[in-house]
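According to this note's numbering, the sequence shown is numbered sequentially starting from 11.
Yeah, the Cβ is synthetic: ideal placement off N, Cα and C, and Gly gets one too.
To start, the structure itself, in structure tokens.
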Amino acid sequence: MQEWFRNAVIGILLCCMMLSAAVADIGGDDPAFFYDTALKNVELDRYADAEEYFAKAGSYKDAALWKRYCEAIQKTNGDAAIADLQRAQTLFDGLLNVSIENDKWQPAQWKKYGQALLNEKKGFLDSAMKTYQELGNFQDSLDRYWMLNDQRNGTSGRSTYEGWLVTSKYAVIYIGPGSNYPEGETSDAWEKERQNSKKVKVSVLEKTGYWYLIEYSVDGLLTRGYVAQNRLVDVQVGVPETTEKGVLKIGGGKPLYAGPGEEYKVRLNMIPAGSTLRIFDDEEDGYQLVEYEDAKGICYRGWMEK
């Protein structure tokens with residue numbers, strides 16, 4: 011019985027070895043196979059595997075450029091040492107004038123992101139925050155912006171949740187929780203990113219009934235808007251509910267922002283003096299979430315300095 015078991019194990023091991031050899035043989039020395047496999051890994055953000063396959067593709071097409079690009083990306087992350095980040099900057103410099111028609115080819119964006127990481131590690135927080143804000147939805151730029159903002163202000167009470175906005179023509183963003191509000195701020199670049207990505211990672215802040223308040227970036231400025239619940243997936247539990255506190259009559263006119271601060275887009279240049287506003291329990295950095303209805307009955311929701 012023992013000999014039978016031993017022979018069976020040996021047979022299984024031999025089969026595994028043969029299978030491994032067969033798998034390794036797939037593609038042979040065909041550079042086109044390695045190149046296509048590398049691009050598929052790039053689409054999945056598996057840059058280490060992509061770099062390996064581009065190396066195997068050798069001088070086929072632009073494989074050498076892609077290999078350098080993947081190497082630089084792997085050195086550009088929040089845990090990287092300063093030396094690695096600096097090396098990545100040099101690699102990206104050599105790729106900035108190279109044009110490749112692929113949505114994943116973004117050396118300028120990656121270089122800018124890497125520079126922000128360098129500034130963060132060197133303690134130049136204002137410069138890092140400014141760059142993260144300009145990058146907007148690129149990688150974890152918004153998350154890092156708010157992390158540094160909390161560090162600088164000595165606060166950590168701002169809770170954010172991650173979610174994915176499912177993109178289609180039905181994923182309309184409004185400035186208030188409902189389709190009766192005006193549509194929110196977008197840009198050609200934002201729309202292109204949404205359509206190409208199919209899903210876009212966003213920061214989820216609060217919810218009002220069926221609507222979620224999200225934060226994103228447009229033309230280098232932060233903004234906020236509301237999307238229907240069925241357009242968001244993988245949202246973490248515990249997103250707080252916004253509640254109304256009452257009304258407030260303002261004496262002097264004030265601007266209305268898309269978020270709590272002047273770093274956000276201006277939603278209305280001025281709320282007229284003497285206006286009566288609905289106010290909500292959302293208060294951040296000295297700004298209050300309010301809603302103003304103009305003479306035409308159009309409602310604008312945003313943040314006003316207290």
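Use the C-beta contact count for residue i: other C-beta atoms within 10 angstroms, 16 or more gives buried, fewer gives exposed.
i, result
"T253", "exposed"
"Q143", "buried"
"A305", "exposed"
"A283", "exposed"
"E10", "No answer is possible for residue 10: it lies beyond the span of the chain, which begins at 11 and ends at 316."
"D292", "buried"
"Q149", "buried"
"V257", "exposed"
"S109", "exposed"
"N240", "exposed"
"V228", "buried"
"S189", "exposed"
"N117", "Rather than Asn, the amino acid found at residue 117 in this sequence is Pro. Label assigned to P117: buried."
"A93", "exposed"
"Y302", "buried"
By Cβ distance, which residues of its chain are closer than 6 Å to residue i, with the 5 residues on each side in sequence left out?
i, result
"E64", "As written in the sequence, residue 64 is Phe, which differs from the Glu given in the question. If we look at F64 and ignore the five residues flanking it on each side, its Cβ neighbours are A48, A73, W76 and K77."
"E139", "It is Met, not Glu, that sits at residue 139 in the sequence shown. The residues are Y155 and L158."
"G261", "none"
"E61", "K77, C80 and E81"
"V300", "L287, I289 and M314"
"E294", "P270"
"Y297", "P270, W313 and E315"
Would you list the one or two residues that DSSP bridges to residue i?
i, result
"V52", "In the DSSP output, where bridge partners are listed per residue, V52 has none listed."
"Y142", "None; Y142 has no bridge partner."
"S227", "L232"
"T286", "K259"
"K209", "V176"
"K264", "I281"
"V182", "DSSP lists no partner for V182."
"E195", "None, per the DSSP bridge assignment."
"V237", "Y222"
"V249", "Paired residue(s): none; V249 is not in a bridge."
"E111", "Per DSSP, none; premise fails for E111."
"L106", "L106 is not bridged to any residue."
"Y171", "V214"
"L242", "L175"
"E293", "Q298"
"E201", "Per DSSP, none; premise fails for E201."
Please report the residue range of the alpha helix (DSSP H) in which residue i lies.
i, result
"I83", "A73 to Q84"
"Q317", "Any property of residue 317 remains undetermined from this structure, which presents the chain solely from 11 to 316."
"Y274", "Careful: Y274 lies outside any alpha helix (DSSP H) and carries neither H nor E."
"Y302", "No alpha helix (DSSP H) contains Y302, which is instead part of the beta strand (DSSP E) from Y297 to E303."
"D89", "Unbroken run through D89: none, as it is neither H nor E."
"Y63", "Y57 to A67"
Who are the Cβ neighbours of residue i in its own chain at under 7 Å, not counting the five residues just before and after it?
i, result
"N112", "none"
"N279", "P265"
Go to residue i, then tell me how far its beta strand (DSSP E) extends in each direction, as first and last residue.
i, result
"Q99", "Run containing Q99: none in the beta strand (DSSP E); it sits in the alpha helix (DSSP H), I92 to D103."
"E315", "C309 to E315"
Going along the chain, which residues of its own chain have a beta-carbon closer than 8 Å to the beta-carbon of residue i, five neighbours each way excluded?
i, result
"N129", "L135, S137, A138 and T141"
"A90", "A98 and L127"
"T233", "G194, E195, E225, Y226, S227, A268, G269, Y274 and K275"
"N206", "D113"
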